[in-house]
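The structure appears below as structure tokens.
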Amino acid sequence: MTGKFAMRLEFLGPPGAGKGTQAKALEEKFGAAQISTGDILRTNVAAGTPLGLKAKSYMDAGGLVPDDVIIGMMETELAGRNSFILDGFPRTVAQAEALDALLAKLGLPLDAVVLFDAERQALISRLTGRWTNPRTGRTYHAEYDPPRVAGIDDEDGGPLVQRKDDSLEVVLERLDTYDEKTAPLVEYYANSGLLVRVDALAAIEEVTAEILAAVEARSKAVRP
Ligand code: AP5
Numbered sequence: 059m060t061g062k063f064a065m066r067l068e069f070l071g072p073p074g075a076g077k078g079t080q081a082k083a084l085e086e087k088f089g090a091a092q093i094s095t096g097d098i099l100r101t102n103v104a105a106g107t108p109l110g111l112k113a114k115s116y117m118d119a120g121g122l123v124p125d126d127v128i129i130g131m132m133e134t135e136l137a138g139r140n141s142f143i144l145d146g147f148p149r150t151v152a153q154a155e156a157l158d159a160l161l162a163k164l165g166l167p168l169d170a171v172v173l174f175d176a177e178r179q180a181l182i183s184r185l186t187g188r189w190t191n192p193r194t195g196r197t198y199h200a201e202y203d204p205p206r207v208a209g210i211d212d213e214d215g216g217p218l219v220q221r222k223d224d225s226l227e228v229v230l231e232r233l234d235t236y237d238e239k240t241a242p243l244v245e246y247y248a249n250s251g252l253l254v255r256v257d258a259l260a261a262i263e264e265v266t267a268e269i270l271a272a273v274e275a276r277s278k279a280v281r282p
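Each number in our numbering comes from the position in the sequence shown (counting from 1) with 58 added on.
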């Protein structure tokens, strides 16, 4: 698979599974825009917009921002797009139903829902060691994916910070929230034929290759 073409993916998986890392890698390779609800919310929190003010307390506590807020935000984000990677949306069955309705209305079916499989202990160590560029959302890891100079983004030279919700206490809360509210989406998509699983514990480049192979195999099955 090479070049730029319309690709519509949903990334589903627990916090720290590597959804953002892989969305950025595929965005660079294929030009499919990453739409990260977490990044959009953080930009709004930093700017103190009405949306940010509504979202902040839920995010700081490791819970989910209410469905109506997220669904309204995503209706605006998806309008006029053809190629995208949904990173962090949907996160509840209500959001998944709203997404189905919206994409049907826009005539934009998903190509695949990629499920990132990873176990809890690895996720904790990934999140508590993560460094993020707050301007671009690009992430590094102190041990697994370090920047060339500690605390500085390789790409734009900007400062890297640790996210407030990456403290151990909030990480544990976020993982519980995932198990309770988002994991049921695996069942939701089970019979859709869209679901592909990748081993999120493999090396970053291997996960990228696995996603591309799985998406290609699925698109061949749909359009032989
Ligand atoms: P959001 O920003 O979406 O956070 P998240 O889903 O918890 O996901 P993360 O960004 O923490 O993890 P990731 O899977 O992207 O991992 P990453 O690639 O960075 O959401 C934040 C908050 O916003 C939520 O808690 C909620 O309050 C709110 N929110 C967002 N969307 C919402 C919605 N739809 N509804 C309601 N509320 C919503 O990787 C993690 C680390 O591991 C990095 O350091 C990376 O370098 C490293 N790494 C990645 N891949 C590998 C690998 N293969 N091997 C080794 N290290 C790796």
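Glycine residues also receive a C-beta, built at the ideal position from the N, C-alpha and C atoms.
Values in this document were obtained by computation on a predicted structure and should not be read as measured data.
With contacts defined by Cβ atoms closer than 8 Å, Gly71 and Ala152 do not form a contacting pair.
Out of Leu144, Leu157, Lys114 and Asp125, the CA that lies nearest to the CA of Lys239 is found in Asp125. For Leu230 and Tyr116, the gap between their C-alpha atoms comes out near 14 Å. Nearest to Thr79 by C-alpha distance, out of Phe174, Glu135 and Leu168, is Phe174. Under DSSP, Ile93 takes part in a beta bridge, and its partners are Leu144. Contact check for Lys82 against Phe69 fails: the beta carbons are separated by 8 Å or more. In this model, Tyr247 and Gly120 are separated by some 25 Å (Cα to Cα). At a Cβ-Cβ threshold of 8 Å, Ala113 and Leu99 count as neighbours.
For Lys112, the Cβ stays outside the 7 Å cut-off from all heavy atoms of ligand 1. A distance below 6 Å between beta-carbons, with the five flanking residues on each side excluded, links Leu144 to the following residues of its chain, in chain order: Glu68 and Ile93. Residue environment: Arg193 is assigned as exposed (fewer than 16 neighbouring CB atoms within 10 Å of its CB, all protein chains considered). Arg178 is not a Cβ neighbour of Arg221, given a cutoff of 8 Å.
DSSP places Glu135 in the helix class (H, G or I) of the three-state scheme.
Collapsing the DSSP output to three states places Thr107 in coil.
Contact annotation: Leu259 and Ala170 have beta-carbon atoms that are not nearer than 8 Å. Take the alpha-carbon of Arg196 and the one of Pro217: they are about 11 Å apart.
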